[in-house]
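Protein chains in written order, with my numbering: chain D, 1 to 330; chain Y, 1 to 296; chain S, 1 to 321.
Every residue, glycine too, gets a C-beta built ideally from N, C-alpha and C.
Below you'll find the structure, written out as structure tokens, and then a few comments.
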Amino acid sequence: MIMPLLSVRNLTVQFRVDSGWVTAVDDVSLDVGEGDCVGIVGESGSGKSVTALSILRLHQRATTRIPSGTITYQGQDLLRERGSTMRRIRGSEIAMIFQDPMSSLNPVLTIADQISETLRQHQGLTGVAARKRVVELLGLVRIPDATRRADDYPHRLSGGMRQRVMIAMAIACKPRLLIADEPTTALDVTIQAQILELLRDLRKELKMSVMLISHDLGVIAEFAQSVIVMYAGRVVEEAPVAQLFRRPVHPYTVGLIAAVPKLDSDAPRLATIAGRIPGPQEIIVGCRFSPRCALVQPRCRDEPPLMQPVSDGQSARCPPRILVLGERHG
Amino acid sequence: MTDVGLGSLATASVIAAPRGHGTLRRLLRHRSFMIGFSVILLLTLAAVLAPLISPVDPSAMRVRLRFRPPSSQFLFGTDMFGRDVFTRVLYGARVSLFVGIAVCVISGLCSAIIGVIAAQFRKLDGAIMRLMDALMSFPAILLALGIAAALGPRVSSVIIALTVAYIPAGVRIVRAAALTVREMDFVHAAQVSGASSLRIVTWHILPNCLSPLLVHLTFIFAYAMLAEAALSFLGVGIQPPIASWGNIIAEGRDYATEAWWVMLFPGIAISLAALSLNLLGDALGDMLDPRLKGGE
Amino acid sequence: MVDQPIVEVRDLKKTFAVKHAGGTSTLHALSGVNFDIMRGETLGLVGESGSGKTTAGRILVGLIPASSGTVSLFGHDIAGANGKAQLAAVRSRLQFVFQDPYASLNPRMRIGSAIAEPIDIAGTHSRKDRNDRVAELLELVGLPRNSVERYPHEFSGGQRQRIVIARALALNPDFVVCDEPVSALDVSMQAQIVNLLLDLQERLGLSYLFIAHDLAVVRAVSTRVAVMYAGSIVEFAPKAKIYSDPQHPYSRALLDAVPRADPDFVRHPVVAGEVPSLLDPPPGCSFHPRCAYAMDRCRVEAPSLRESGPGRRVACHLFSA
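Here's what the structure looks like:
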């Protein structure tokens with residue numbers, strides 16, 4: 001059994017609010033293998049971004065606590081490593097890009113300065129060598145006229161360009177894992193397509209693993225090889241991408257896929273999921289999706305369900321449904 | 001969740017967490033706020049109940065009791081005229097707190113109105129802001145000194161002088177908030193429905209500019225008290241025999257070695273009042289910081 | 001019975017003066033836009049940033065003044081010399097639904113007052129009638145009656161958007177401009193709000209201008225679709241046609257670029273380049289720098305919107321004689 005590159009086990013993350021602590025991520029486990037492309041999909045409150053931030057320990061120390069869980073990277077538990085180790089890992093081994101390119105870049109430094117910072121920190125490059133590498137990187141992310149653009153300030157660049165710069169900074173030290181948190185959400189559709197194509201090509205060229213977080217099922221379907229579906233802080237389903245879309249198991253996944261408006265067909269009304277996403281402070285006993293589920297049974301409200309395998313590579317957190325499916329096949 | 005608009009960011013930076021019972025509970029639990037609030041409350045009560053706490057005439061001179069150090073009979077000692085310093089400090093609190101509140105309220109009202117007008121009517125904006133800049137280019141205390149000297153040494157002069165000195169800072173704050181609020185979609189929604197400028201300013205813009213102004217005003221309260229003390233100390237403010245913390249210190253200056261207690265206790269009172277107001281203001285600022293608001 | 005359009009926009013232009021270090025430049029947000037909206041239909045206005053769709057929507061309700069052209073609503077031209085008076089005459093028949101549910105409600109106003117605001121401004125209802133109307137509106141959008149006393153922050157994004165819709169319907173408008181009404185919502189909530197808008201249209205006979213960048217959502221609500229690029233309409237078609245057979249190269253590129261929730265979908269090559277600067281637009285057709293089919297003519301002559309089929313118009317030299 002090959003060791004996965006990154007292994008998250010039983011991660012629970014809580015935030016402090018006035019009345020106490022609230023759980024944003026509840027007992028989440030996932031793996032990212034060498035060269036894998038994992039997509040994490042969920043709506044607001046699903047905990048997908050918090051999970052990603054926890055991997056690099058980028059959360060607010062004062063108001064966040066991680067009462068349990070391990071995040072294993074190359075045999076070390078990142079949650080228990082020293083600050084200096086994390087600083088070494090961030091940027092050079094595990095890199096991250098974020099949603100909003102407007103606020104991810106320092107407005108008072110040129111592009112070259114910002115990319116050079118990473119190069120200096122992790123590879124000790126300075127002066128001419130750093131400059132050469134900067135231009136090379138900008139070319140790699142397909143920024144036209146890279147030599148001139150390197151001396152621009154962020155405000156002169158469009159959203160798509162800034163995101164490319166972010167990607168250049170992220171891949172500067174050839175990380176083994178790239179975490180992309182909603183990298184294209186704030187971009188126009190045609191630019192989004194360009195950026196996704198870029199990420200796909202870079203992944204192949206640099207032999208990187210990618211963890212892509214998105215609320216957009218289309219982006220996940222196009223980009224990911226395996227998908228993890230999160231709802232209200234928990235993983236509710238995981239499957240290889242084709243299987244997830246062809247045969248979703250968890251009622252939330254089924255509902256979510258059905259609710260996406262279709263580009264290629266018409267319907268008098270859109271399919272909906274009844275009710276709404278629970279707030280982080282709402283306490284729901286049993287399955288968190290039970291208040292909205294069309295297939296709900298008494299046992300769903302009594303005990304929190306466990307993840308169960310459905311078939312090769314696919315598992316879901318819904319015993320009643322798995323039972324029904326099993327009966328159909330068995 | 002997609003956040004394509006910058007509206008929510010702008011909302012967060014200007015508009016405070018709306019009122020509700022949650023706010024009151026948070027206030028009560030906030031340590032700085034409780035300390036600051038309690039001290040100011042205590043000082044206010046002391047000022048209001050002064051005649052009950054110390055039923056002595058603050059201006060009563062008893063030459064035989066001059067320069068008595070603090071004792072059980074005279075808590076803060078007596079001054080160069082034999083007056084009870086404790087009583088004078090209590091009555092001085094009345095003046096200082098009254099000036100503080102008056103300056104706060106009047107300058108707050110003026111700042112709010114002028115600031116919103118400047119933000120809403122761009123043609124007047126230029127003229128108003130240049131006037132504010134001109135006022136702000138004088139150090140507040142000098143400006144107040146000049147006005148108070150011109151108007152004569154009494155409480156009302158001090159209040160007018162300080163109000164004028166502190167209005168520009170408030171106007172800046174309200175105008176900045178109002179300019180941001182104007183661009184919010186809920187203002188546009190009112191415009192689409194045909195709301196008049198007056199309605200928009202009264203119901204939409206002003207209520208959402210109050211939070212930053214409120215925090216600012218607690219600091220103005222403190223500055224006003226300190227400034228009143230300074231003005232009275234310099235002789236252009238409240239004149240003895242009416243006690244004010246400032247003029248008690250002024251009178252005590254010549255006797256610093258013989259009767260250090262005359263300067264010390266009003267000094268402590270001023271510091272305590274200013275400090276507690278700063279704590280209050282900081283706490284309010286933290287509290288109204290939308291980052292702490294539970295969000296999506 | 002002659003089908004008269006309720007909205008007629010002719011040669012609408014809008015420029016903004018942009019101040020910067022070197023002086024002032026002109027930003028061409030809209031360069032001569034023409035469209036009609038018929039009673040009871042939904043015109044979907046689709047485009048990316050810089051297309052001008054939001055500007056057009058806001059001009060239609062009088063939030064922004066037009067630079068030139070005519071904007072005729074129910075026969076009244078609000079862009080002309082007497083614009084303000086004309087707008088006042090039709091104001092009660094128009095409304096606007098905003099994008100961001102967190103910024104379109106006054107956080108210090110109870111939602112009962114927020115919903116009633118159009119009524120209060122118009123001053124046409126008695127106190128009792130006003131409160132009854134608010135209760136009616138809450139029910140119409142699926143919110144509990146006791147919501148009147150609560151503040152916006154007590155509601156979720158989807159619920160807030162319902163409140164915004166209730167407010168828009170307060171005076172029974174005939175025409176509602178919806179500017180990205182669901183793009184800030186979660187997928188499951190988007191579907192609910194889209195259905196609500198469709199239900200309300202059926203029940204109340206509303207006409208919509210539905211502005212969005214999400215083509216799939218536009219498909220779900222529109223009768224006809226107009227595609228905008230860099231300040232002008234490049235294609236106009238009934239819904240059924242534009243998705244199955246886009247004519248303008250940009251429409252095609254746009255449809256190709258949308259990610260499909262279907263892993264078997266085969267991707268077409270992605271169009272390169274970015275939206276041109278509106279301060280310094282390229283000569284000729286504004287799409288030509290990115291167009292795979294650009295000819296010499298495209299670089300010098302801007303194409304005009306021409307008939308290219310039943311109910312279809314396109315601005316592209318590939319389709320002109």
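Min CB distance residue i to chain Y below 9 Å
{"i": "Met1(S)", "result": "The pLDDT assigned to Met1(S) is 42, lower than 50, so where the model puts this residue is not dependable, and the model offers no usable value."}
{"i": "Arg133(S)", "result": "no"}
{"i": "Ser104(S)", "result": "yes"}
{"i": "Ile121(S)", "result": "yes"}
{"i": "Ala88(S)", "result": "yes"}
Below-9 Å beta-carbon distance, residue i vs any chain D residue
{"i": "Pro263(S)", "result": "yes"}
{"i": "His153(S)", "result": "no"}
{"i": "Glu274(S)", "result": "yes"}
{"i": "Ser286(S)", "result": "no"}
{"i": "Pro246(S)", "result": "no"}
Residue-level contact to chain S via CB, residue i, 9 Å cutoff
{"i": "Met299(Y)", "result": "Limits of chain Y in this structure are 1 at one end and 296 at the other, which puts residue 299(Y) out of reach."}
{"i": "Val241(D)", "result": "yes"}
{"i": "Pro207(Y)", "result": "yes"}
{"i": "Glu222(D)", "result": "yes"}
{"i": "Gly121(Y)", "result": "For the sequence presented, residue 121(Y) should be read as Phe rather than Gly. No, because no Cβ of chain S sits closer than 9 Å to the Cβ of Phe121(Y)."}
{"i": "Lys262(D)", "result": "yes"}
{"i": "Gly7(Y)", "result": "Since pLDDT at Gly7(Y) reaches only 38, below the 50 mark, its modelled position is unreliable, and the value read off the structure follows with that caveat. It does; some Cβ of chain S falls within 9 Å."}
{"i": "Met315(Y)", "result": "With chain Y running from 1 to 296 in the structure shown, residue 315(Y) is simply not present."}
{"i": "Phe289(D)", "result": "no"}
{"i": "Ser197(Y)", "result": "no"}
{"i": "Gly194(Y)", "result": "yes"}
{"i": "Ile143(D)", "result": "no"}
{"i": "Thr190(D)", "result": "yes"}
{"i": "Leu11(D)", "result": "no"}
{"i": "Met166(D)", "result": "no"}
Residue i, buried or exposed, once every other Cβ within 10 Å from all chains shown has been counted against 16
{"i": "Glu282(D)", "result": "exposed"}
{"i": "Pro261(D)", "result": "buried"}
{"i": "His268(S)", "result": "exposed"}
{"i": "Glu258(Y)", "result": "exposed"}
{"i": "Lys14(S)", "result": "buried"}
{"i": "His30(Y)", "result": "buried"}
{"i": "His155(D)", "result": "exposed"}
{"i": "Arg148(D)", "result": "exposed"}
{"i": "Tyr293(S)", "result": "exposed"}
{"i": "Ala274(D)", "result": "exposed"}
{"i": "Phe121(Y)", "result": "exposed"}
Contacts of residue i in chain B (Cβ-Cβ under 7 Å)
{"i": "Ile277(D)", "result": "Structure shown: chain B not included; protein chains present are D, Y and S."}
Paired residues, beta bridge with residue i - DSSP
{"i": "Asp179(S)", "result": "Ile211(S)"}
{"i": "Arg9(D)", "result": "Thr70(D)"}
{"i": "Phe96(S)", "result": "Val177(S)"}
{"i": "Trp21(D)", "result": "Arg16(D)"}
{"i": "His28(S)", "result": "Thr15(S)"}
{"i": "Ile37(S)", "result": "Val7(S)"}
{"i": "Ile97(D)", "result": "Ala180(D)"}
{"i": "Glu235(S)", "result": "Val227(S), Val314(S)"}
{"i": "Leu73(S)", "result": "Val7(S), His76(S)"}
Cβ-Cβ separation, residue j to residue i (assumed contact under 8 Å), whole Å
{"i": "Val46(S)", "j": "His213(S)", "result": "7 Å"}
{"i": "Gln95(S)", "j": "Asp179(S)", "result": "That belief does not hold up - the Cβ atoms of Gln95(S) and Asp179(S) are roughly 11 Å apart, past 8 Å."}
{"i": "Ser92(S)", "j": "Pro5(S)", "result": "Actually they do not touch by this definition, with Cβ atoms about 19 Å apart."}
Worksheet item: Taking the runs of the beta strand (DSSP E) that are 3 residues or longer, which of them lie wholly in the segment 178–242 of chain D?
Response: Contiguous beta strand (DSSP E) elements confined to the segment 178–242 of chain D occur at 209–214, 226–231, 234–240, taking only those with 3 or more residues.
Worksheet item: Could you give the uninterrupted runs of the alpha helix (DSSP H) lying entirely in the segment 119–187 of chain Y, keeping only those of 4 residues or more?
Response: Along the segment 119–187 of chain Y, the alpha helix (DSSP H) occurs as fully enclosed runs of 4 or more residues at 122–136, 140–151, 155–182, listed in sequence order.
Practice prompt. Starting from the N-terminal side, write out each stretch of the alpha helix (DSSP H) that is 4 residues or longer and does not extend beyond the segment 280–323 of chain D.
Written response: If we require 4 residues or more, the alpha helix (DSSP H) runs fully inside the segment 280–323 of chain D come out as 298–302.
Worksheet entry | Minimum length 4: unbroken alpha helix (DSSP H) runs contained in the segment 187–236 of chain Y | Unbroken alpha helix (DSSP H) stretches of 4 residues or longer found wholly inside the segment 187–236 of chain Y: 210–234, given in chain order.
Discussion item. For a minimum of 3 consecutive residues, which ranges assigned as the beta strand (DSSP E) are wholly contained in the segment 33–79 of chain D?
Written reply: Taken in chain order, the whole beta strand (DSSP E) runs of length 3 or more contained in the segment 33–79 of chain D are 37–41, 64–73.
Fill in: Runs of alpha helix (DSSP H) lying entirely within the segment 98–153 of chain D, each at least 4 residues, in chain order
DSSP runs (the alpha helix (DSSP H)) wholly in the segment 98–153 of chain D: 101–104, 111–123, 127–140, 146–149.
Worksheet item: Going along the chain, which unbroken runs of the alpha helix (DSSP H) with 4 or more residues stay wholly within the segment 92–178 of chain S?
Response: List check, alpha helix (DSSP H) in window: 111–122, 127–140, 157–168.
Discussion item. Report the start-end ranges of each alpha helix (DSSP H) in the segment 264–308 of chain S that is 4 residues or longer and not cut off at the edges.
Written reply: Those alpha helix (DSSP H) runs which fall completely within the segment 264–308 of chain S and span 4+ residues are 296–300.
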